[in-house]
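Before any comments, here is the structure.
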Ligand SMILES: [Ca+2]
Ligand SMILES: [Ca+2]
């Protein structure tokens, strides 16, 4: 009897131990899972106070990145607030960044905002602003990070403004064409690219002869200004058909006559300085130049005219 009782007790103990061990295993795993969920909720969703105002938040077209938190603004005149903490000036202390939006009274797009960093503020007016501001690090060597805010403008006039917080002052580093990050409600990425070497790449709308865009590079200088790196010539590469006789010259410096294009001929507009010169290549590969005034008026012809009088195939979209 005693022996079998002891055996039974031993078995019971063993079973209890096995259950205990496996029980121990489960909670650890599930706690971790819950922890992850808590993190996701804290950073990805709206904080509790605004939750009552509810519906508008859930169908927000703005998926938030990083640690930015969005809430309905309790302040008169503002719609939403986007908040994030980050050390912008490299002093080891997080700075509080808040972007408060106002919407266009005739629509629902963000038409202006107030950007606050600690006690500093700058207001901005634009069109179709994406309030999901970005933190950038244009120059990894300078100890600063920037705030960048993009907008879509009235019609593909994408624009990005860069802000710097330095010595307790908030300033504008520069405004460049192009959009940073993905467009709202879309997977499409904008044209602005932070190179990580002190430069920012983008596409800028050209004015010469037509609507077109060229690769553009800006550099952050030591006076805290984002400066455009001017190029002598920008690649045009537009296939056109000649509509009206076009006389050309050997080069920008050499005015001696070169090829004369006749109506119906195919040609390629090659490069432009975006100021007054365009090079053109005929089907035999001869490259010559013509002069332009006010970006649209073709000069040096028997009868002058506008770009659309001379070329078919230009993009005239606004
Ligand atoms: Ca700081
Ligand atoms: Ca930096």
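Residue numbers (this note's numbering): 1294 to 1611. Virtual Cβ for every residue (Gly too), placed ideally from N, Cα, C.
When we look at the beta-carbon of residue i and count the other beta-carbons within 10 Å, is it buried (16 or more) or exposed?
{"i": "residue 1610", "result": "exposed"}
{"i": "residue 1399", "result": "exposed"}
{"i": "residue 1483", "result": "buried"}
{"i": "residue 1326", "result": "Bear in mind that the predicted position of residue 1326 carries a pLDDT of just 34, short of 50, making it too unreliable to give a figure here."}
{"i": "residue 1441", "result": "buried"}
{"i": "residue 1369", "result": "exposed"}
{"i": "residue 1457", "result": "buried"}
{"i": "residue 1523", "result": "exposed"}
{"i": "residue 1508", "result": "exposed"}
{"i": "residue 1477", "result": "buried"}
{"i": "residue 1496", "result": "buried"}
{"i": "residue 1481", "result": "exposed"}
By Cβ distance below 8 Å, which residues in the same chain neighbour residue i in space, the five residues on each side in sequence not counted?
{"i": "residue 1436", "result": "1382, 1383"}
{"i": "residue 1406", "result": "1392, 1393, 1394, 1395, 1416, 1417, 1422, 1424, 1442"}
{"i": "residue 1319", "result": "Note that residue 1319 scores a pLDDT of 33, beneath 50, so its modelled location is shaky; the value from the coordinates is reported in the next line. If we look at residue 1319 and ignore the five residues flanking it on each side, it has no Cβ neighbours."}
{"i": "residue 1593", "result": "1540, 1542, 1583, 1584"}
The beta strand (DSSP E) with residue i in it runs from where to where?
{"i": "residue 1603", "result": "Per DSSP, residue 1603 belongs to no beta strand (DSSP E); it is in the alpha helix (DSSP H), 1600-1603."}
{"i": "residue 1527", "result": "1527-1535"}
{"i": "residue 1497", "result": "1492-1499"}
{"i": "residue 1542", "result": "1539-1542"}
Hey, is residue i close to ligand 2, as in C-beta under 7 Å from one of its heavy atoms?
{"i": "residue 1390", "result": "no"}
{"i": "residue 1573", "result": "no"}
{"i": "residue 1438", "result": "yes"}
{"i": "residue 1431", "result": "yes"}
{"i": "residue 1435", "result": "yes"}
Looking only at its chain, what residues have a beta carbon closer than 7 Å to the beta carbon of residue i, apart from the 5 residues adjacent to it on each side?
{"i": "residue 1536", "result": "1556, 1602, 1603, 1604, 1605"}
{"i": "residue 1468", "result": "1452, 1454"}
Looking at ligand 1, does it come within less than 7 Å of residue i, judged from the CB to the closest heavy atom?
{"i": "residue 1412", "result": "no"}
{"i": "residue 1631", "result": "Nothing in the structure corresponds to residue 1631, since the chain is present only between 1294 and 1611."}
{"i": "residue 1469", "result": "no"}
{"i": "residue 1423", "result": "no"}
Here's a check: name, in chain order, each residue in its chain whose Cβ is nearer than 6 Å to the Cβ of residue i, leaving out the five neighbours to either side.
{"i": "residue 1343", "result": "Per-residue confidence for residue 1343 stands at a pLDDT of 37, beneath the threshold of 50, marking its modelled position as unreliable; the derived number appears in the next sentence. Contacts found: 1364, 1365."}
{"i": "residue 1566", "result": "1526"}
{"i": "residue 1520", "result": "1512, 1514"}
{"i": "residue 1438", "result": "1381, 1428, 1430"}
{"i": "residue 1575", "result": "1552, 1560"}
{"i": "residue 1330", "result": "Summary for residue 1330: the model assigns pLDDT 34, below 50, so the residue's position carries little reliability, and this model does not support an answer."}
{"i": "residue 1409", "result": "1391"}
Next on the checklist: Using a Cβ distance threshold of 8 Å, determine whether the segment 1422-1431 contacts the segment 1479-1497, with at least three qualifying pairs required.
Outcome noted: The segment 1422-1431 is in contact with the segment 1479-1497.
Item to check | At least three beta-carbon pairs within less than 8 Å, the segment 1541-1549 to the segment 1452-1472 | outcome: Of all C-beta pairs linking the segment 1541-1549 to the segment 1452-1472, fewer than three are shorter than 8 Å, placing the two stretches out of contact.
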